[in-house]
Amino acid sequence: MKKNLKFYIVLYLAKLSRIALKLIGRDATYFPGKLAVTLCPDFLGRIDKPKTIIGVTGTNGKTTVCNMIEDVLKENGYEFIDNHLGSNINSGLATALIEGATLLGKQKKELAVFEIDERSSVKIYPYITPTYLVCTNLFRDSLKRNAHTEFISSILSNNIPSQTTLILNGDDLIVSNLSPNNNRIYFGIDRLKTDTDKCENIVRDITVCPKCDSKLEYDFVRYNHIGRAHCIKCNFQSPKINYEVTNIDFEKMQMTIKSKSEEKYDLINNNIINIYNMLATITVLKELGLNQEQINPILKKQKIVDTRYSKEKEGNIEIITQLAKGMNPIACSRAFDYVRKEEGNKAVFILLDDLHEAANSSENIAWHYDTDYEFLNSESIKQILTGGARYLDTYVRLQIAQIPKEKIVHQREETTLVDKLNLKGIDKIFILHDLYSIDLKNQLKKKVKDKILEQNKQTEN
Ligand SMILES: [Zn+2]
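Quick note on our numbering: the sequence shown kicks off at 43 and runs consecutively.
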């Protein structure tokens, strides 16, 4: 697409708006791009793009994967533009491209890392051709925003440019079938001891063969539809993996990745979700030409941001906070599974609700019923404390999961839940929270710490 006079005018206006916003100390990560795509709807097509573009999409993990890719690139001296402070829709990408462009609309840097919202495919891929597009996974998410995985995978497949090399989760049969004619690289994790033959989750979004509609037989199930499967009638099956984790040593916190050779990488965390995020990151960086020595020392130093996961000890009790994301049944189920599998006696705070203003609330609580609350029905989970606008819905759901009433504390006011926390015999306290309840999580965490300190003081006296 050529640059016309309108394009230049819009580019200058957007650049001016950025300078003006910065002068008055306002956030300039959204508006310039929004202005540009509003005034010139094909702006993304007209502005020059960096030579190499890494795109990251998928339901869960895209922000984490982008952050890891960017950190490794930065530490290795690569210069690039990205949208990590802005939004992951067309206006966010436009803002990053405007910022990175000269007054002639030429890009100053040759590399870009973009987080791309799946639903924005229609507005992005006609104009932007990622060199590599990573897809982490495709799950059902908020029904209101995302409809169904079939809808999301079809808008991706219908819009991803044919020249893009896809870097796909080969353990996700929905992801591995995206744009079947594109060049593709698969990453995956070989069968683990914790994998099963039967699906324990309520939700599994692919159960029949996409080619012939016969039943899919799972070779193993990791969680939901993650695992490996084959069709009982035709030749449809999970793909051959190019970057495969063949061994995970949880004691040494190391994994072995087999591609053309075998390499060891240090794990940041023992949660399988984070191992997938690391594997996706390593795969795209290796394809870009980086080697293990350039990647591992930097990934190793990574910390999962405090807003997603934190762990600290107060006296003998560990306090763990974990993002669970309301309206996203898979993210919640993963968090519940993580809690039940951790050792020791546990108490769990559930701070999930979809009535927060920022969550663009919906009246639809179906996601509670797609979420595996049953995982919380465990002998080692001694108390469950839940609050917030949806506390009664959560209470009903916990009872359907047959969790004894005497284990449940439920009330509207979240902050005073801590008063009812019973610390007796508890080794670990989990605070499962939403993206919108970070402040609340911090408040609760502080109250829990104070309560433990207070108790320890009393036992000392
Ligand atoms: Zn089939």
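Every residue, glycine too, gets a C-beta built ideally from N, C-alpha and C.
6 Å Cβ shell around residue i - same chain, five flanking residues per side excluded
{"i": "Cys374", "result": "Ala366 and Thr413"}
{"i": "Lys491", "result": "Glu356"}
{"i": "Asn312", "result": "Phe292"}
{"i": "Asn225", "result": "Thr207"}
{"i": "Tyr169", "result": "Leu86 and Gly87"}
{"i": "Thr173", "result": "Thr94 and Ile95"}
{"i": "Glu152", "result": "Pro92 and Lys93"}
{"i": "Gly269", "result": "Tyr260, Phe262 and Val263"}
{"i": "Phe417", "result": "Phe378, Asp379 and Arg382"}
{"i": "Leu81", "result": "Val52"}
{"i": "Arg60", "result": "Ala70 and Pro74"}
Which of helix, strand or coil DSSP assigns to residue i
{"i": "Ile314", "result": "helix"}
{"i": "His126", "result": "coil"}
{"i": "Arg454", "result": "coil"}
{"i": "Cys374", "result": "helix"}
{"i": "Gln279", "result": "strand"}
{"i": "Asn102", "result": "coil"}
{"i": "Arg382", "result": "helix"}
{"i": "Arg226", "result": "strand"}
{"i": "Gln149", "result": "strand"}
{"i": "Lys116", "result": "helix"}
{"i": "Leu463", "result": "coil"}
{"i": "Lys343", "result": "helix"}
{"i": "Ile359", "result": "strand"}
{"i": "Leu258", "result": "strand"}
{"i": "Ala70", "result": "coil"}
{"i": "Asn109", "result": "helix"}
{"i": "Ser59", "result": "helix"}
{"i": "Thr413", "result": "coil"}
{"i": "Lys302", "result": "coil"}
CB-CB length for residue i against residue j, believed under 8 Å
{"i": "Asn211", "j": "Tyr318", "result": "7 Å"}
{"i": "Ala56", "j": "Ile140", "result": "5 Å"}
{"i": "Val287", "j": "Ile299", "result": "6 Å"}
{"i": "Ile315", "j": "Arg233", "result": "Contact doesn't hold; Cβ gap of about 17 Å is too wide."}
{"i": "Ile392", "j": "Leu474", "result": "5 Å"}
{"i": "Thr428", "j": "Tyr437", "result": "7 Å"}
{"i": "Ser133", "j": "Val217", "result": "The pair is not a contact, with the Cβ atoms about 26 Å apart (cut-off 8 Å)."}
Same chain, Cβ closer than 7 Å to residue i, five either side skipped, listed in chain order
{"i": "Thr144", "result": "Lys150"}
{"i": "Leu327", "result": "Ile111, Val114 and Ile337"}
{"i": "Tyr579", "result": "The question about residue 579 has no answer, for the chain in this structure spans 43 to 503."}
{"i": "Pro371", "result": "Arg182, Val245, Trp409, Asp412 and Thr413"}
{"i": "Lys353", "result": "Glu360 and Ile362"}
{"i": "Pro203", "result": "Tyr167 and Thr171"}
{"i": "Thr325", "result": "Ile209, Ile227, Phe229 and Tyr285"}
{"i": "Asp435", "result": "Ile407 and His410"}
Sheet register partners of residue i (DSSP bridge)
{"i": "Gly97", "result": "Phe156 and Leu175"}
{"i": "Gln364", "result": "Tyr351 and Leu474"}
{"i": "Glu448", "result": "BP columns for Glu448 are empty, so no partner."}
{"i": "Asn297", "result": "Residue identity check: residue 297 is Met in the sequence provided, not Asn. Answer is Ile290 and Tyr307, bridged to Met297."}
{"i": "Thr238", "result": "Val263"}
{"i": "Asp214", "result": "Ile268"}
{"i": "Lys165", "result": "Lys165 pairs with nothing; no bridge assigned."}
{"i": "Thr144", "result": "Partner(s): none; Thr144 has no beta bridge."}
{"i": "Ile274", "result": "Bridge partners of Ile274: none, in fact."}
{"i": "Ala389", "result": "Gln425 and Ile471"}
{"i": "Thr207", "result": "Tyr174"}
{"i": "Tyr285", "result": "Phe229"}
{"i": "Val250", "result": "Lys257"}
Contacts around residue i, its chain only, beta-carbon distance under 8 Å, and the 5 residues preceding and following it disregarded
{"i": "Ala138", "result": "Gly75, Ile123, Asp124, Asn125, Gly128, Ala154 and Phe156"}
{"i": "Val250", "result": "Ser256, Lys257 and Leu258"}
{"i": "Lys424", "result": "Asn387, Lys388, Ala389, Lys449, Asn464, Gly467 and Ile468"}
{"i": "Gln296", "result": "Ile290, Lys306, Tyr307, Asp308 and Leu309"}
CB contact below 8 Å: residue i versus chain C
{"i": "Ser129", "result": "Checking the listed chains, one finds no chain C in this structure; it contains a single protein chain."}
### Query
Quick one, what's near ligand 1 if you take every residue whose CB is closer than 6 Å to any heavy atom, in chain order?
Selection around ligand 1 by beta-carbon proximity, strictly under 6 Å to any non-hydrogen atom, yields Cys251, Lys253, Cys254, Ser256, Cys273, Lys275, Cys276 and Phe278 in chain order.
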